[in-house]
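Enquirer:
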Amino acid sequence: MNKTGIKTLGKLFLVALLVYFFLISIQMISVAFKGFGKGFAEALLNTTSNPFISLFVGILATSLIQSSSTTTSIVVGMVSSGVISIPHAVPIIMGANIGTTVTNSIVSLGHITHREEFKRALAGATIHDFFNIMNVAILFTLNYFTGFLEKLSLFLAEEFTHIGGIKFTSPLKAITKPVVHMIKDFLLHTLNLHPKLTYILILILAAILTFASLFFIVRLMKSVFLSRTEAIFDKLLGSNAVLAIAGGALITAVVQSSSITTSLLVPMVGAGLLSLEMAFPITMGANIGTTITAILASFATGNVSAIAIAFCHFLFNFIGVFIFYPIKVLRQLPLAAARWLANLAYKNRLYAIIFVVTQFFILPIALIFLSRLF
Numbered sequence: 004m005n006k007t008g009i010k011t012l013g014k015l016f017l018v019a020l021l022v023y024f025f026l027i028s029i030q031m032i033s034v035a036f037k038g039f040g041k042g043f044a045e046a047l048l049n050t051t052s053n054p055f056i057s058l059f060v061g062i063l064a065t066s067l068i069q070s071s072s073t074t075t076s077i078v079v080g081m082v083s084s085g086v087i088s089i090p091h092a093v094p095i096i097m098g099a100n101i102g103t104t105v106t107n108s109i110v111s112l113g114h115i116t117h118r119e120e121f122k123r124a125l126a127g128a129t130i131h132d133f134f135n136i137m138n139v140a141i142l143f144t145l146n147y148f149t150g151f152l153e154k155l156s157l158f159l160a161e162e163f164t165h166i167g168g169i170k171f172t173s174p175l176k177a178i179t180k181p182v183v184h185m186i187k188d189f190l191l192h193t194l195n196l197h198p199k200l201t202y203i204l205i206l207i208l209a210a211i212l213t214f215a216s217l218f219f220i221v222r223l224m225k226s227v228f229l230s231r232t233e234a235i236f237d238k239l240l241g242s243n244a245v246l247a248i249a250g251g252a253l254i255t256a257v258v259q260s261s262s263i264t265t266s267l268l269v270p271m272v273g274a275g276l277l278s279l280e281m282a283f284p285i286t287m288g289a290n291i292g293t294t295i296t297a298i299l300a301s302f303a304t305g306n307v308s309a310i311a312i313a314f315c316h317f318l319f320n321f322i323g324v325f326i327f328y329p330i331k332v333l334r335q336l337p338l339a340a341a342r343w344l345a346n347l348a349y350k351n352r353l354y355a356i357i358f359v360v361t362q363f364f365i366l367p368i369a370l371i372f373l374s375r376l377f
């Protein structure tokens, strides 16, 4: 092998190592937010007074714990025990879909020091946000007046009630969780720090690791792949949206996290290796894939309500793909919205921070507070 080949292999090894550190940083962010907010999120989910507020409760709870799967699991347990009804749970699931996009929005901020790169990365991240927001706007309204999602979910749940559950173990979580838990145990038990201080330090370390790994991943991927990646993705995915959606769903079902799939797309879009049009169907597939494990696991409960909520999450994402992607005018809406925000942030990067903080925290908190007040 010549020197160029050895150099390329070395760069590929470094990219793989940096991706591993990046995945660890994503897990650390999740652990930190769960430490801050899981108890609060569980209490929050009990405040479902009406469907509209339930939607924002789902957004806020999932933004705090950064996992739609965790929110869904909590909701399944609450529905099974009769704490909340299925009609109240459905909007929470919709809100969870919006809340889970906070992770890739935060990841895009890792590119904030490079204006052009940040513009592309933010568009790549917020395509997920805007697709879910628009999907909620349509399906929440339809379900509010017809109740079709809970009816269809209950019908499917009754058909699948007696099927046994299947449990998958995410290979990515298997290789990253031990490191994250080691860091957490060192701070919490070896150094004997206060839990809140531990989670603050984990969040700070995660932020440093995210920024550093993204910085080097983008530069290495540009030097290794820039001449060929666009062509590869065009050939494999660009001309076949169904393949891209299926690929996104399959990868996410295996790694058990849409946040991981979509967050990995952000640096690729930021580096210019992947266009927004290519990233969009993969993102939609990730939305479907994140629901598969919960459905299979819910079969093990034998509880109709639990299975219904898992199916509701799947149907919401599955129907959304069939509403938006086949119709060109609708397909262009999330793309146009993501580019609009990215152009705003290109002029003033503060717009991106305002968008993230307002969408995931300020707006839901304000509306929930006002609903409780009046």
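Going by this note's numbering, the residue at position 143 of the sequence shown is 146; the numbering climbs one at a time, nothing skipped. Every residue, glycine too, gets a C-beta built ideally from N, C-alpha and C.
According to DSSP, simplified to helix, strand and coil, what is S230?
Expert: Translated into positions along the sequence shown, residue 230 becomes position 227. Interpretation of S230 is limited by its pLDDT of 49, a score under 50 that renders its predicted location unreliable; no figure is taken from the coordinates.
Enquirer: Rounding to the nearest angstrom, what Cα-Cα distance links H197 and D188 in this structure?
Expert: By 1-based counting over the sequence shown, the position of residue 197 is 194. By 1-based counting over the sequence shown, the position of residue 188 is 185. Answer to the nearest angstrom: the Cα atoms are 12 Å apart.
Enquirer: Can you look up L277 in the DSSP assignment and give me helix, strand or coil?
Expert: Within the sequence shown, the letter at position 274 stands for residue 277. Reduced to three states, the DSSP call for L277 is coil.
Enquirer: Is it true that the CB of F327 sits closer than 8 Å to the CB of N107?
Expert: Looking up residue 107 in the sequence shown gives position 104. Looking up residue 327 in the sequence shown gives position 324. Not a contact, by the Cβ cut-off of 8 Å.
Enquirer: Going by beta carbon distance, what residues of the same chain come within less than 6 Å of I32, once the five residues before and after it are set aside?
Expert: Here residue 32 refers to the residue found at position 29 of the sequence shown. Cβ within range, chain order: A209.
Enquirer: So, L21 versus S216, is the Cβ gap smaller than 8 Å?
Expert: Working through the sequence shown from its first residue, we reach residue 21 at position 18. Working through the sequence shown from its first residue, we reach residue 216 at position 213. Yes, the Cβ-Cβ distance between L21 and S216 is below 8 Å.
Enquirer: When the Cβ atoms of the region 356 to 366 are set against those of the region 57 to 75, are three or more pairs found closer than 8 Å?
Expert: Touching, yes.
Enquirer: Taking the continuous alpha helix (DSSP H) assigned at R375, which residues delimit it?
Expert: Locating residue 375 in the sequence shown gives position 372, where the first residue counts as 1. R375 -> alpha helix (DSSP H) spans L366 to L376.
Enquirer: Measuring only the C-alpha atoms, how far is L17 from A282?
Expert: On the sequence shown, residue 17 is found 14 positions in, with the first residue counted as 1. On the sequence shown, residue 282 is found 279 positions in, with the first residue counted as 1. Rounded to the nearest angstrom, the two C-alpha atoms are 24 Å apart.
Enquirer: Check whether the Cβ atoms of L267 and T286 sit closer than 8 Å, and answer yes or no.
Expert: For the purposes of this step, residue 267 is taken as residue 264 along the sequence shown, with counting starting at 1. For the purposes of this step, residue 286 is taken as residue 283 along the sequence shown, with counting starting at 1. No; because the gap between Cβ atoms is not below 8 Å, this pair is not in contact.
Enquirer: How many whole angstroms separate the CB atoms of T75 and H316, which I take to be in contact at a CB cut-off of 8 Å?
Expert: The residue you call residue 75 lines up with position 72 of the sequence shown. The residue you call residue 316 lines up with position 313 of the sequence shown. That pair is a contact at about 6 Å.
Enquirer: Between which two residues does the alpha helix (DSSP H) containing G127 stretch?
Expert: Position 124 of the sequence shown, counted from the start, is the residue given in the question as residue 127. Here the alpha helix (DSSP H) through G127 covers R118 to T149.
Enquirer: Could you have a look at N5 and say whether DSSP puts it in helix, strand or coil?
Expert: Stepping through the sequence shown from its first residue, residue 5 is reached at position 2. Coil.
Enquirer: Within 10 angstroms of its Cβ, does I130 collect 16 or more other Cβ (buried), or is it exposed?
Expert: Counting from one through the sequence shown, the residue named residue 130 turns up at place 127. I130 comes out buried.
Enquirer: Which residues mark the beginning and the end of the alpha helix (DSSP H) in which Y354 is found?
Expert: For the purposes of this step, residue 354 is taken as the residue at position 351 of the sequence shown. Here the alpha helix (DSSP H) through Y354 covers L353 to V360.
Enquirer: I need the straight-line Cα distance from D132 to I312, nearest angstrom please.
Expert: For the purposes of this step, residue 132 is taken as the residue at position 129 of the sequence shown. For the purposes of this step, residue 312 is taken as the residue at position 309 of the sequence shown. Their backbone Cα atoms lie some 22 Å apart in a straight line.
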